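**Student:** Please find one structure pasted underneath; my questions will follow.
Number of protein chains: 2
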Amino acid sequence: MVRNTKENAELTRLKIIEAARQSFLTRGVSRTSMEQIAAEAGVTRGAIYWHFANKKEIFTAMREQVFLPLIDRMDENLQLENIDDPLEQLIQFLNGTIETLNESLETRQTYEILMIKCEYVDDLVEVLDQMLDNCARITEKIEQLYTRAKEKGQLRANQSPAELAMDTHLFFIGLLHMWVKDTGGCRFRKQASELVKTHINLHR
Amino acid sequence: MVRNTKENAELTRLKIIEAARQSFLTRGVSRTSMEQIAAEAGVTRGAIYWHFANKKEIFTAMREQVFLPLIDRMDENLQLENIDDPLEQLIQFLNGTIETLNESLETRQTYEILMIKCEYVDDLVEVLDQMLDNCARITEKIEQLYTRAKEKGQLRANQSPAELAMDTHLFFIGLLHMWVKDTGGCRFRKQASELVKTHINLHR
DNA sequence: TTATATACAAACATTGTTGTATGTAAATGA
DNA sequence: TCATTTACATACAACAATGTTTGTATATAA
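Here it is in structure tokens:
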């Protein structure tokens, strides 16, 4: 059969994205050819070029599949109303990300691709910019939580929320990087949430 | 002239490495071809294949040019004898790295390539492993410094040197990543050394 | 002084990759 | 029911890139 139904077409689209993710993971983004993605997805390049204009569009689709829900989650999770324990909320937010990484294979793979299987050149530099923007927003949210915590007297006297937020944010970036690179799973993946708690407790 | 003297040959070798660094930076490691490196260096591919077997060997040479001296510096800088202010020593070590990044163009470019212009697949995964090993060694060194600091009563009571070291290490990884990605130079590069001081002071 | 190794340049062969163009059978809409 | 999209598969053309081979002028060593 040459023509699929609309739903089947959507399924092949998803298959292509998943195949791309797998291929990106094992061969890196720029080394994977459309042909390899097609083979992994069990289709021909024709199918791919039907759904996507080029590799970057697949890349973007893969990224959005993971990050659009994640951004939503962040906005939900860091609502500032009705927070009675801001530091606990912060811990839960950070560990929520770790949890998502643990539970969702595609999130895990996508993070790994974005971090160590991808070269940010040409049209992909804008992806980096987006990630930096996102980072800035997260830092803001964290700062708001620390401000709340300070109001509630949860922090030591001389700590400024802005400085704490930056410190926590950088810590978390480092943690995510080590988590992802620790593919063996021994050093960081197991103790990640403990490290988060320890970090926050250092600020109390 | 077809044959150069030994010294000139070494110069072209260095020119090739530098050309590779430039090309890696603008096009990413896997997207740069030998031809492009050759053009940038003002030689032909013949010269490159004379000095290096393939692209990975150039990559390794580029990396060693920066990291071998850096590892030496680390071993010097973190000698444990005769340290009377461990935390200050730690600040100086971390800021020393930032300083090197600020001062040395090739270090800066190499870091950028390793972090966001390189895909760690196939033969390059071993590079990642080496970097992780290096990370582990740095964490150890930091822990030793914190142990000293604890002995000297510079830390708050309930802090374990191991936890502090991990926290500082992750913070620093995050900082380096943001420093490198902040190519505009506004957000992180300017205040990096301040952030280091703030971080360490949080632990006093 | 001469033979040889060196430091490349130039040419070759092969293979991979991309985008596009064309073909086509089935789904969908009128 | 029939025309028209749709969702691909197949074929084509053009180019890039790699590693290797061959050629060669010149250092260098003996």
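Sequence order for the protein chains is A and B. The numbers in the first sequence follow this note's numbering, run straight up by one, and end at 1217. The numbers in the second sequence follow this note's numbering, run straight up by one, and end at 1217. Just so you know, even glycine gets a beta-carbon here, dropped at the ideal spot from N, CA and C. Source: prediction; values computed, not measured.
1. Using a Cβ-Cβ distance cut-off of 8 Å, determine whether B/Phe1185 contacts chain A.
2. For A/Cys1199 and chain B, any beta-carbon pair shorter than 8 Å?
3. From the DSSP output, read off the bridge partner residues of A/Cys1131.
4. Quick check on DSSP: helix, strand or coil for A/Ile1096?
5. Anything in chain B within Cβ reach of A/Gly1041, meaning under 7 Å, just list it in chain order.
6. From A/Glu1119 to A/Thr1152, what distance separates their C-alpha atoms?
7. Spatial neighbours of A/Leu1114 within its chain, please: CB distance less than 7 Å, with the 5 preceding and 5 following residues excluded, ordered by chain position.
8. So, for B/Met1075: in the same chain, excluding its five sequence neighbours on each side, which residues have a beta-carbon less than 7 Å away from its beta-carbon?
9. Could you name the residues of the same chain whose beta carbon sits closer than 6 Å to that of B/Ala1051, not counting the 5 residues immediately before and after it, in chain order?
10. Given 8 Å as the limit, is there contact between the region 1077–1092 of chain B and the region 1142–1156 of chain B, that is, 3 or more CB pairs closer than that?
11. Taking Cβ positions only, does A/Thr1123 come closer than 8 Å to chain B?
12. Compile a chain-ordered list of the residues in the region 1160–1172 of chain B whose CB is closer than 8 Å to at least one CB of chain A.
13. Which residue from A/His1190, A/Gly1187, A/Ala1205 and A/Gln1172 puts its Cα closest to that of B/His1252?
14. Just checking: is the beta-carbon of B/Asp1098 within a distance shorter than 8 Å of some beta-carbon in chain A?
15. Just the chain B side, please: which residues come within less than 7 Å of A/Glu1176 by C-beta, in chain order?
16. In the structure shown, what three-state DSSP assignment does B/Gly1109 receive?
**Tutor:** Taking the structure as given:
1. For the purposes of this step, residue 1185 of chain B is identified with residue 172 of the second sequence, where counting begins at 1. Output row for B/Phe1185: interface = yes.
2. As a position in the first sequence, residue 1199 of chain A is number 186, starting the count at 1. Taking Cβ atoms only, chain B never reaches closer than 8 Å to A/Cys1199, which makes this a no.
3. Taking the first residue of the first sequence as 1, we reach residue 1131 of chain A at position 118. Partner(s): B/Cys1131.
4. Taking the first sequence and counting its residues from 1, the one referred to as residue 1096 of chain A is at position 83. Note: A/Ile1096 maps to coil in three-state DSSP.
5. Sequence index remark: in the first sequence, residue 1041 of chain A carries index 28 (1-based). Going along chain B in sequence order, the residues near A/Gly1041 (Cβ under 7 Å) are Ser1043, Glu1132 and Val1134.
6. Counted from its first residue, the first sequence places residue 1119 of chain A at position 106. Counted from its first residue, the first sequence places residue 1152 of chain A at position 139. In a straight line, the C-alpha of A/Glu1119 is about 25 Å away from that of A/Thr1152.
7. For the purposes of this step, residue 1114 of chain A is taken as residue 101 along the first sequence, with counting starting at 1. Cβ within range, chain order: Thr1120, Arg1121, Tyr1124 and Trp1192.
8. The residue labelled residue 1075 of chain B in the question sits at position 62 within the second sequence. These residues qualify, in order along the chain: Ile1030, Ala1033, Arg1034 and Thr1123.
9. The residue labelled residue 1051 of chain B in the question sits at position 38 within the second sequence. The answer, listed in chain order, is Thr1057, Arg1058 and Ile1061.
10. yes
11. The sequence position of residue 1123 of chain A within the first sequence is 110, counting from 1. Not one chain B Cβ lies under 8 Å of A/Thr1123.
12. Gln1172
13. With chain B covering 1014 to 1217 only, the question about residue 1252 of chain B has no answer from this structure.
14. Start at 1 with the first residue of the second sequence, and residue 1098 of chain B comes out as number 85. Output row for B/Asp1098: interface = no.
15. Stepping through the first sequence from its first residue, residue 1176 of chain A is reached at position 163. Ordered by position in chain B, the residues that pass the 7 Å Cβ test against A/Glu1176 are Thr1211.
16. On the second sequence, position 96 is the one that residue 1109 of chain B refers to. Three-state result, B/Gly1109: helix.
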